[in-house]
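Report on the following structure.
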Amino acid sequence: MVTLRALSTDDAPALPRIYSGASIRYTTSKPLTLDQAHDKIRAGLARAAETPRAQWSWGILHEDDLIGLISLRRRTPTMGTISYILRDDTWGHGYATYAARQVVTVAFTTAGLNRLEAMHHPDNPASGRVLAKAGFTRIGTADRDTATGTVPYELYALEDGA
455 MVTLRALSTD DAPALPRIYS GASIRYTTSK PLTLDQAHDK IRAGLARAAE TPRAQWSWGI
515 LHEDDLIGLI SLRRRTPTMG TISYILRDDT WGHGYATYAA RQVVTVAFTT AGLNRLEAMH
575 HPDNPASGRV LAKAGFTRIG TADRDTATGT VPYELYALED GA
């Protein structure tokens, strides 16, 4: 069973394992130290207390094991973006798809957004499949500056059908 929940300071030891190895290969993230994990959680908790709220972050749990994170960010009053990362040993089981579907529901109800966007590295087609299964449609590319130069990330969007 997969669940989402708010992060807590007790989650810091799990974050360096999530933000490492193959999990960060196609992201802009770097390996996370324990101190950086504590900082990341503190920053997320501070953003959760802001009004108006611009970001939501959840831990993705399989049973009682923190296996990833997913975030929703408000970019304009009506548009947001989602991003997610899973520990590489948990890939291929539908966990990211489940989490993305849950966050889409929050975005279009609780957050009051009517459009979501997400992107992924072109060498990470599995992330595109997650987005498609969660209802997103590929709409083009968006250039991102990376350590190796500009990369055309695959861009997806989803409109609230309500």
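Under my numbering, the sequence shown has 539 at position 85, and the numbering climbs by one with no breaks.
The C-beta atom is built at its ideal place from N, Cα and C for all residues, glycine as well.
In this text, all values refer to a predicted model and were calculated from it rather than measured experimentally.
With the cut-off set at 7 Å, would you say residue i and residue j are in Cβ contact?
{"i": "Gly-522", "j": "Ile-478", "result": "no"}
{"i": "Thr-510", "j": "Leu-526", "result": "Before going on, a small fix: residue 510 reads as Trp here, not Thr. In this structure, Leu-526 lies closer than 7 Å to Trp-510 by Cβ."}
{"i": "Leu-570", "j": "Leu-515", "result": "no"}
{"i": "Leu-567", "j": "Trp-512", "result": "no"}
Classify residue i: buried if its beta carbon has 16 or more other beta carbons within 10 angstroms, exposed otherwise.
{"i": "Asp-464", "result": "exposed"}
{"i": "Arg-541", "result": "buried"}
{"i": "Ile-593", "result": "exposed"}
{"i": "Met-573", "result": "buried"}
{"i": "Ala-460", "result": "exposed"}
On the DSSP letters alone, give me the boundaries of the beta strand (DSSP E) that residue i sits inside.
{"i": "Thr-505", "result": "Unbroken run through Thr-505: none, as it is neither H nor E."}
{"i": "Ala-611", "result": "603 to 613"}
{"i": "Leu-527", "result": "At residue 527 the sequence reads Arg, which differs from the Leu that was named. Element bounds for Arg-527: 519 to 528."}
{"i": "Thr-457", "result": "456 to 460"}
Starting from residue i and walking both ways along the alpha helix (DSSP H), at which residues does that stretch end?
{"i": "Ile-472", "result": "469 to 472"}
Ordered list of alpha helix (DSSP H) runs contained in the region 539 to 568, each at least 4 residues: Here the runs fully enclosed are 549 to 562.
Within the region 564 to 600, note down every full alpha helix (DSSP H) run reaching 4 residues or more, in order along the chain. You should have 579 to 587.
When you compare the region 556 to 563 with the region 526 to 537, are there three or more beta-carbon pairs, one atom per stretch, that lie closer than 8 Å? Touching, yes.
Could you say if the region 480 to 493 and the region 584 to 593 meet the contact criterion of at least three C-beta pairs nearer than 8 Å? With a cut-off of 8 Å, the region 584 to 593 and the region 480 to 493 do not count as touching, because too few Cβ pairs lie within range.
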